[in-house]
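Note sheet for the following structure.
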Amino acid sequence: MGLVQTKLSENASGTSRRLRSQQPSLLVGLVFDGEGRAMTPSHATKPGKRYRYYVTRSDQIDDAPAWRVSAHDLERLVCERLAELLGDQLLICRLVGEGDAEAVQRIIAAGDLAAASLRSGSAHAKSTLLMALVERISLSEGGIAIRTSRGRIGAAFGIQGAAIVQDEDITLNLPATKVRRGHQLRFVIPGPEHLNIIPAQRDEKLVALVAEAHEARKLIIANPEQSLASIAAASGRCRTRLGKLVALACMAPEIVTAIVEGRQPSTLIARSLMDIELPIAWADQRAMLGFT
Numbered sequence: 004m005g006l007v008q009t010k011l012s013e014n015a016s017g018t019s020r021r022l023r024s025q026q027p028s029l030l031v032g033l034v035f036d037g038e039g040r041a042m043t044p045s046h047a048t049k050p051g052k053r054y055r056y057y058v059t060r061s062d063q064i065d066d067a068p069a070w071r072v073s074a075h076d077l078e079r080l081v082c083e084r085l086a087e088l089l090g091d092q093l094l095i096c097r098l099v100g101e102g103d104a105e106a107v108q109r110i111i112a113a114g115d116l117a118a119a120s121l122r123s124g125s126a127h128a129k130s131t132l133l134m135a136l137v138e139r140i141s142l143s144e145g146g147i148a149i150r151t152s153r154g155r156i157g158a159a160f161g162i163q164g165a166a167i168v169q170d171e172d173i174t175l176n177l178p179a180t181k182v183r184r185g186h187q188l189r190f191v192i193p194g195p196e197h198l199n200i201i202p203a204q205r206d207e208k209l210v211a212l213v214a215e216a217h218e219a220r221k222l223i224i225a226n227p228e229q230s231l232a233s234i235a236a237a238s239g240r241c242r243t244r245l246g247k248l249v250a251l252a253c254m255a256p257e258i259v260t261a262i263v264e265g266r267q268p269s270t271l272i273a274r275s276l277m278d279i280e281l282p283i284a285w286a287d288q289r290a291m292l293g294f295t
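Residue 4 is where the sequence shown starts when you use the working numbering, and the numbers rise one by one after that.
Right, here's the structure in full:
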């Protein structure tokens, strides 16, 4: 707590550095077409709008036509399917076998927060999780296969390899339709209503904010010799926002649990939480945020 308090007491004002791209491609290096060829980000610009794609790399095109898929659709679908997986409490608990109740609860909470980040988090948070979780995304005649493993999921939650009961590959299959467009083969991905994806009942933006706050705290603790300003600059973040996020990471555990489970007061939303100067005492936090 001392380190966190020190960081928060430093200069609160500052400017943010933008990400290199306002619409980053989240699946770079992970996507392969139906011929096993790597795919790379591409885009087309029309008046007032930019369309992103993943296309077969030009240096790998042979007799078979190039493939193309909407980046937005593919990223949305991959993030949603992985979020579903991380919300599977039985699978998450099986990662470490029979642990104490507190450890199991921490793992379940970590899965919920990661799922929220994949659904509603920042591009940076999504990219970090996807790179950690996904080994390969393969397109095929019948759809999309997302390959991960128990080991990758455990590592993303900070569980050491030796503590994982059994490492094994996990493949998530999703439907899609391949259609020909000129000299390219395009993937048409159905919407969530055709995939039996149940919309989240929680305030996912609020849960994602809590997840982002805990990631910010980890970032601060991992760099004890650096100032808040230097950490923000090195990670391309806004110093003011980073400071607010670290403060939110000090919320009472029962408040975090209530937010993850969707039991927070209706007046508590992500925007209002960011605007609040959160008290240190947990009892004061509960009173300020409307918990009784």
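Positions of the beta carbon are idealized from the N, C-alpha and C atoms, including for glycine.
The distance from the Cβ of T151 to that of E171 is about 10 Å, inconsistent with a contact at the 8 Å cut-off.
Look at the beta carbons and you see the region 224 to 244 not touching the region 67 to 87: under three pairs across the two are nearer than 8 Å. A contact is defined here as three or more CB-CB pairs under 8 Å, and the region 244 to 257 meets this definition with respect to the region 212 to 220. Counted as a single uninterrupted DSSP element, the stretch harbouring G161 is not any beta strand (DSSP E), since DSSP gives it neither H nor E. Going by DSSP, L251 is part of no beta strand (DSSP E) but of the alpha helix (DSSP H) stretching over 242 to 251.
Beta-bridge pairing by DSSP links D172 to S152. DSSP places M42 inside the beta strand (DSSP E), whose first and last residues are 42 to 49. With a beta-carbon spacing of about 4 Å, E207 and S123 fall inside the 8 Å limit used to define contacts.
Secondary structure remark: continuous alpha helix (DSSP H) runs of at least 4 residues inside the region 59 to 112, in chain order: 74 to 89, 92 to 97. Relative to E264, the option among A225, A126, W285, V213 whose CA is nearest is V213.
If the five residues before and after A118 are omitted, its C-beta is found closer than 6 Å to the C-beta atoms of A86, L89, G90, all from its own chain and listed in chain order. Of I173, G157, P44, F294, the smallest CA-CA separation from R71 is found for P44. In terms of Cα proximity to I147, the closest of A135, L175, R153 is L175. Beta bridge pairing from DSSP links L177 with I147. Just measuring C-alpha positions, the residue of W285, A69, A179, N226 sitting nearest G145 is A179.
In the DSSP assignment, I140 forms a beta bridge with V34, I149. Within its own chain, the residues whose Cβ lies closer than 6 Å to the Cβ of A252, once the five positions on either side in sequence are excluded, are A216, H217, R220, listed in chain order. In this chain, M254 is not harboured by any alpha helix (DSSP H), its DSSP state being neither H nor E. Rounded to whole angstroms, R244 and A67 show a C-alpha spacing of 48 Å. Of the other Cβ atoms in all chains shown, 16 or more fall within 10 Å of the Cβ of I95; this residue is therefore buried. Distance from the Cα of A128 is smallest, within the candidate group I279, R274, S28, for S28.
About 5 Å separates the beta carbons of R60 and A41, which is inside the 8 Å limit, making them a contact pair. If you look at L231, you'll find it in the alpha helix (DSSP H) that goes 231 to 238.
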